[in-house]
Amino acid sequence: MTKRFFQVCLLFLLGNTPVFSSPLDSLGVVKIDDKLHVKYLVSPGETIYGISTKYGVSVNDLMEINPQLENGLKVGQIINIPYNPEIVQQIRKSEDAIVHKVAAGETLFGISKKYNIPMNDLLKWNGMELKAGQEIVVGYKSQQNASSTIAHNATPKSEPVKQSITTEQPKTTPTVNTTNAQSAKPAPAAETKEPVKQIAVAEKTTPAEKSAKPQPMAASTNEQSNNAATAWPTSAPEQYRYDPEMKQILVIPFDPYLYFSDADDEIAAKSNMPRTKVRQVFRRRLNALLDKPGYEMIYLVGGKAKDSIGDLNKIYSSVSYAYQESVTTVNVQQQEVKEAKAKSTKNWIEKQKEKLIPQNEKKYDVPEDYGSYFGVKIKNPQDFFDYFNSKYSVDYYVFINQFEVKTDYEHCLDRAALNFERSFTTHFSIYDSEGKQVAGNKFKTHYNSNSNYVYQIVADNCPKIAERILSELPAPDQK
24 MTKRFFQVCL LFLLGNTPVF SSPLDSLGVV KIDDKLHVKY LVSPGETIYG ISTKYGVSVN
84 DLMEINPQLE NGLKVGQIIN IPYNPEIVQQ IRKSEDAIVH KVAAGETLFG ISKKYNIPMN
144 DLLKWNGMEL KAGQEIVVGY KSQQNASSTI AHNATPKSEP VKQSITTEQP KTTPTVNTTN
204 AQSAKPAPAA ETKEPVKQIA VAEKTTPAEK SAKPQPMAAS TNEQSNNAAT AWPTSAPEQY
264 RYDPEMKQIL VIPFDPYLYF SDADDEIAAK SNMPRTKVRQ VFRRRLNALL DKPGYEMIYL
324 VGGKAKDSIG DLNKIYSSVS YAYQESVTTV NVQQQEVKEA KAKSTKNWIE KQKEKLIPQN
384 EKKYDVPEDY GSYFGVKIKN PQDFFDYFNS KYSVDYYVFI NQFEVKTDYE HCLDRAALNF
444 ERSFTTHFSI YDSEGKQVAG NKFKTHYNSN SNYVYQIVAD NCPKIAERIL SELPAPDQK
């Protein structure tokens, strides 16, 4: 089938509305594994997170479809994005739309006359509701370019046309008043029988704590559509339906770009999967196993949060990473130092015996360069914690910062059986809802096995890794 045939089919599915009306979609579509994909041309200033958010596709999925993204995103690069008619239509509306800000006293009838457009079109684009300050769609550039008459009449004399540059849909809902919006955790009213459905009624914190919380700041005026992942909303976000009887932990898996492995070719071949999918298996499995009894875990990968892709990209775009000194609880730190000293006194024979001990008898190992790890820092803590505390009622943030898979090919346990020693190094950070770092460290998990089947590897190692990270959290009943 030809590219032209796919384009005709897409136009038909969208009711003969031009899909590829802007430069970003002008390259058409391609069929990959019997599924349609948009061919996307990367423009200057764009980021993988912005593209991921815009098209509602996770960064991990984009990298699986486009393996070249492992080397970074480049201007002029062509990537393939799964085609979703609804999302493509939304992008077209947001980028191609001409919007009008409603003044006090204006009516749909008056606006239709002002812009010389049919009332039916206004209702179709915006609905019946109309309020002062609201931005509504009054036309599309592509339609105006098709008709010089429409292009001439679409520009009012009294007000210049404002072209939308955000990736949001045309705003049809009333603006939320954020004067009394709080970033502290809300809780149900005492008389409510179904507290989860009444999350916006009351607060868990005291009035003093509420007043001390700063309000979310407005996004910078120069935020473009490709930076939507880092734009902070000016109104309170729609809140997640959490359990008010429990404390909440927001789990942030490692950024796909911060995964390093020297074994993925072997693992992929044995597991009969693309190389780029090996990372996804490690990432998803470790994410799912971060489950602390007594806490409610909120997952942005595989969870029920409907804005998970956008919020995960917002997090990745709002943090930086650097090597720093470890931060850990006193008891765990003392125990690890004790184990490290004990390990250093063992002779060569004892060390060889230790390698042969079944892994289910070992808990975890201490990093060789104890005290230095790849930690995360929040660039704008006020906006970051205001937004996520308000939306997800977070008590603790658990970040997996970096994940490394390394194979010791020189000192193999059994070269004939390809039984090599493999280690997994995990870097993590934990913050509380006030932005105070509770823990941060790295540790190694050793795996002596000739198995290259990825699901066996994650089953043998990820539970131990998750247990080690969660051991840094306080008990859920502690204040």
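So in our numbering the end of the sequence shown lands on 502, straight run, no missing numbers.
Each residue gets a CB set at the ideal place from its N, CA and C atoms; glycine is no exception.
For S472, the enclosing beta strand (DSSP E) stretches over residues Q460 to S472. Excluding the 5 residues flanking it on each side, Q501 has no same chain C-beta neighbour closer than 6 Å.
Taken in chain order, the unbroken stretches of alpha helix (DSSP H) that lie wholly in the segment 315–340 and span 4 residues or more are 331–340. A distance below 8 Å between beta-carbons, with the five flanking residues on each side excluded, links M269 to the following residues of its chain, in chain order: G317, Y318, E319 and P499. About 11 Å separates the beta carbon of F447 from that of K465, a gap too long to meet the 8 Å contact definition. CA-to-CA, the gap between F407 and I480 works out to about 35 Å. Taking the Cα positions, Q113 is about 10 Å away from N107. The shortest CA-to-CA distance from S340 to any of R308, V304, N310 and F277 is the one to F277. I423 and L496 do not touch by the CB rule: their CB atoms are close to 14 Å apart, not below 8 Å. I102 sits close to V65, with the two beta carbons spaced by under 8 Å. Contact between P105 and V80 holds, with the beta-carbon distance rounding to 6 Å and staying under 8 Å. E427 sits in a strand when the DSSP states are folded into three classes.
With contacts defined as CB atoms closer than 8 Å, V125 and K97 fail to qualify as a contacting pair.
Around the beta carbon of Q91, fewer than 16 other beta carbons lie within 10 angstroms, which makes this residue exposed.
The secondary-structure analysis by DSSP pairs E348 across a beta bridge with S395.
When DSSP reads this structure, P105 sits in a beta bridge with H60. In this structure, G463 lies away from V342, with their beta-carbon atoms at least 8 Å apart. Residue pairing from DSSP places Y454 in a beta bridge opposite Y420 and Q460.
Judged by DSSP in its simplified three-state form, V160 adopts strand. The beta carbons of A345 and K414 sit no closer together than 8 Å. A residue is called buried when at least 16 other Cβ atoms come within 10 angstroms of its Cβ; A482 does not meet this threshold and is exposed. One Cα belongs to D84, the other to L59, and the distance between them is close to 15 Å.
Straight-line measurement puts the Cα of V122 at about 22 Å from the Cα of G73. Counting the other CB atoms within 10 Å of its CB gives P267 a total of 16 or more, which places it among the buried residues.
When the beta-carbon positions are compared, E427 and F283 come within less than 8 Å of each other. Within the same chain, I88 and N103 come within 8 Å of I55 by CB-CB distance, once the 5 residues on both sides are set aside. Contact between L313 and L493 holds: their C-beta atoms lie close to 6 Å from each other, under 8 Å.
Taken through DSSP and simplified to helix, strand or coil, K137 comes out as helix. Ranked by Cα distance from S416, the options K164, Q405, S331 and Y265 are led by Y265.
Minimum Cα-Cα distance from G398 among the listed residues A328, F451 and K429 corresponds to F451. Taking the Cβ atoms as the reference, L145 lies roughly 7 Å from I134, within the contact range of under 8 Å. If you draw a straight line from the Cα of Q303 to the Cα of Y322, it comes to about 15 Å.
L96 sits in coil when the DSSP states are folded into three classes, being neither helix nor strand. Straight-line measurement puts the Cα of V477 at about 8 Å from the Cα of K293.
Annotation: V52 is outside any alpha helix (DSSP H); the continuous beta strand (DSSP E) that includes it extends over V52 to I55.
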